[in-house]
Amino acid sequence: MLSGRRLELWPENNRRSCDGEQVGYGDLAEAATTEIALAATETTPTVVEMGFLGVFSISHQFINAARKNTDNCWPVGLFSGGFQACYTTLPHSLASFERKPKQTDEESRDAHHIRRVILKDQNATVDAVVQSLLSDQFCSQIQLTAKLVDDLLQNFGDDWKSALGFFEWVSSRNGYEHTQFAQNRMVDLLGKMRQMGRMWDLVQKMHCGGFLTTETISKVMRRLAGAKRWKDLIQFFDELESIGFARDTETMNLLLDTLCKEKKVDVAREAFSVLKPHIAPDAYTFNIFVHGWCNAWRMDEAMWTIEEMKGLGFSPSVITYSTIVQAYCSRLKFGKAYEILDRMMAEGCRPNIITYTTLMNTHAKSGQVGEALSVADKVKSSGCRPDALFYNSLIYILGKADLLSEALHIFEVEMKSKGVDHNTPTYNTMISILCRHKQWKNALSVLEEMETSSCKPDLQTYMPLLKLCFGERELDGDRFDYLLNNLVYKHQLSFNRDAYTAQIHRLCRVGDIRWAMRLFDEMIDREIQPRRRTCQILLQEVEQRNMYEYAEKIRSLMKQLGIPY
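Using the working numbering, you'd call the opening residue of the sequence shown number 198 and step up by one each time.
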């Protein structure tokens with residue numbers, strides 16, 4: 198049991214328990230700029246009522262460490278609303294399969310209606326969203342399912358007001374209880390969008406209902422760190438016992454990992470020095486620090502951490518050393534990387550396939566294809582068993598180096614002889630390489646093989662095939678139409694924003710504007726927000742063709758989304 202007085206960061210009147218009594222953790226809704234302003238001062242703040250972590254959480258060293266990386270920007274999702282399409286959707290409409298394969302027709306219909314109700318007013322408050330859903334007769338009759346609710350929450354993106362309004366409306370429905378995923382999703386979204394007070398209210402409700410997990414704790418820590426609320430993060434850890442969690446090795450590692458991922462390794466070390474007498478570290482604790490020091494490119498500290506863990510009786514693992522190998526590779530310090538490999542071997546810690554794949558990929562990315570292939574040969578001679586990730590990387594490297602026959606040999610012969618099954622990325626990589634070499638028939642042959650295997654095509658499978666339909670000045674309409682029919686009817690796939698964007702831009706480039714308009718209409722009908730450049734390109738094309746009515750519709754949409762003409 199750790200002792201010590203606690204640092205008071207919030208007023209007493211902001212503290213509430215499950216039954217309304219004032220107790221526990223407080224409101225986190227103060228502006229993040231307060232932390233930044235505090236970090237900018239050169240003076241050490243007065244320390245009052247310290248908890249066991251208070252000594253470093255507001256110390257001069259902590260404030261100095263917190264000065265860096267204060268800029269952070271998050272995208273905000275917008276949806277178009279009532280944009281009316283000029284053309285009917287295609288016979289093989291991508292929108293007709295808007296649902297995911299596991300969602301029923303009824304769930305898809307209900308989800309579409311709920312989104313329409315919510316998006317009628319894009320500036321609605323959370324309460325207004327709740328009231329809109331409560332007053333809608335159709336919504337009141339919807340049979341809620343976990344699939345329907347969880348998918349909708351995921352698809353709101355960064356639109357936290359719509360997501361929270363929907364979440365609260367669902368909570369008000371009798372007989373339905375949110376899944377763990379839904380609750381953690383809302384905690385994560387509210388934290389991401391800096392709605393800290395609302396985030397904590399939800400955490401308190403989850404605590405009262407017995408729904409808090411270490412995943413929830415991890416998300417709260419990550420979002421507090423992302424908002425640069427360092428004191429709040431430490432205080433949250435300090436008060437974990439008030440929400441039913443022990444301050445033990447697992448939760449300490451969550452704290453340290455969060456700080457290290459925010460590049461506050463010095464702060465993490467300060468925390469560790471305070472916690473170590475009370476909480477025993479494990480090997481993972483030191484792997485966290487090795488990874489943190491490597492990300493900060495402080496390799497001496499990373500190597501010192503390895504010696505520290507040895508001194509405490511922990512043996513560095515292949516993960517520990519591979520982290521350092523990866524760091525050296527990221528800076529193209531291959532000599533140092535191979536020194537670590539030699540050290541591993543000398544200590545009886547054999548590199549694994551991930552270590553070799555990292556080396557191979559980095560050599561290839563730096564243009565050293567010969568060295569990359571030498572690493573592949575070393576894998577075979579080392580007795581290390583290749584896996585699908587290794588082979589997928591090797592196929593890509595060979596194909597990009599115009600060694601297509603060698604790539605095909607790996608795909609068709611070697612993987613089978615080594616007992617390594619093709620997975621979806623294997624097929625996607627091979628199709629992409631064949632399309633790169635404009636081998637349409639061979640690419641389709643691989644697609645057909647994929648369809649008969651246990652691996653089913655995804656959207657990424659079709660992207661290089663669709664790209665191959667476009668020449669410099671024209672579209673192979675038959676191929677394009679065949680692929681879209683295949684994608685939609687055979688595999689129940691639908692375009693995302695990136696896929697729509699790529700096809701619309703290519704169609705505009707080859708002058709097939711009516712196809713581009715149809716896909717654009719469908720994109721809007723599915724409530725997928727187009728990018729600014731997509732709107733501008735299509736507007737320019739229709740204006741050049743004197744299509745004034747459609748041009749006005751695009752301008753109206755751009756105005757609604759705040760996009761300049």
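Each residue gets a CB set at the ideal place from its N, CA and C atoms; glycine is no exception.
In this structure C336 does not touch V367 by the C-beta definition: roughly 10 Å separates them, more than the 8 Å allowed.
Counting other Cβ atoms within 10 Å of its Cβ, D695 stays below 16 and is therefore classed as exposed.
When DSSP states are grouped into helix, strand and coil, L672 belongs to the strand group.
Bridge pairing for F667: L672 [DSSP]. Rounded to the nearest whole angstrom, the C-alpha separation of S629 and L331 is 48 Å. Just measuring C-alpha positions, the residue of V610, E412, R711 and L716 sitting nearest S691 is L716. Around the Cβ of Y686, a 10 Å sphere holds fewer than 16 other Cβ atoms; the residue is exposed.
A buried status is given to K425, since no fewer than 16 other beta-carbon atoms sit within 10 Å of its beta-carbon.
When rounded, the separation of the alpha-carbon atoms in G489 and G423 is 16 Å. Note that the C-beta distance between V576 and N549 is not below 8 Å. Listed in chain order, the beta strand (DSSP E) runs fully inside the stretch 570-624 amount to none, counting runs of at least 3 residues. Scanning the stretch 352-423 for uninterrupted alpha helix (DSSP H) segments of 4 residues or longer gives 357-369, 377-389, 393-406 and 411-423, listed from N- to C-terminal end. Per DSSP, the continuous alpha helix (DSSP H) segment holding E738 begins and ends at R729 to Q741. The C-beta of P513 has 16 or more other C-beta atoms within 10 Å across all chains shown, which makes the residue buried.
Secondary structure at S470: helix, using DSSP grouped into helix, strand and coil. Going by C-alpha positions, F433 is about 8 Å away from M418. If you check the CB distance, L735 and A699 do not come in under 8 Å. L453 and F469 do touch by the CB rule: their CB atoms are close to 6 Å apart, below 8 Å. In the DSSP annotation of this structure, the continuous segment of the alpha helix (DSSP H) that includes C491 starts and ends at A480 to N492. The beta carbon of T376 sits closer than 7 Å to those of A343 and D347, all from its chain and outside the five residues before and after it, given in chain order. At the C-beta level, S590 and N625 stay beyond 8 Å of one another.
Shown here, K461 sits in coil according to DSSP, grouped into three states, outside any helix or strand. Here V617 is near D584, since their CB atoms are less than 8 Å apart. Put simply, of I485, A379, P622 and C666 the residue whose alpha carbon is nearest the alpha carbon of D678 is C666. Annotation: the continuous alpha helix (DSSP H) that includes Q523 extends over V515 to S527. Boundaries cannot be given for V707, as no alpha helix (DSSP H) includes it and DSSP labels it neither H nor E.
For the set T621, Y518 and D356, the Cα lying nearest the Cα of T649 is the one of T621.
In the structure shown, the three-state DSSP call for D722 is helix. Y553 and I537 do not touch by the CB rule: their CB atoms are close to 13 Å apart, not below 8 Å.
Of the residues Q328, Q338 and Q380, the one whose Cα lies closest to the Cα of L349 is Q380. L472 and M383 have their alpha carbons spaced roughly 30 Å apart. Contact annotation, G674 with R633: C-beta distance approximately 22 Å; criterion of less than 8 Å not satisfied. The three-state secondary structure of E303, taken from DSSP, is helix. Under the DSSP assignment, L437 falls outside any alpha helix (DSSP H); it carries neither an H nor an E label.
Of the residues D398, L409 and Y481, the one whose Cα lies closest to the Cα of A443 is L409. Residue burial is scored here from C-beta neighbours: A543 has fewer than 16 other C-beta atoms within 10 angstroms and is therefore classed as exposed.
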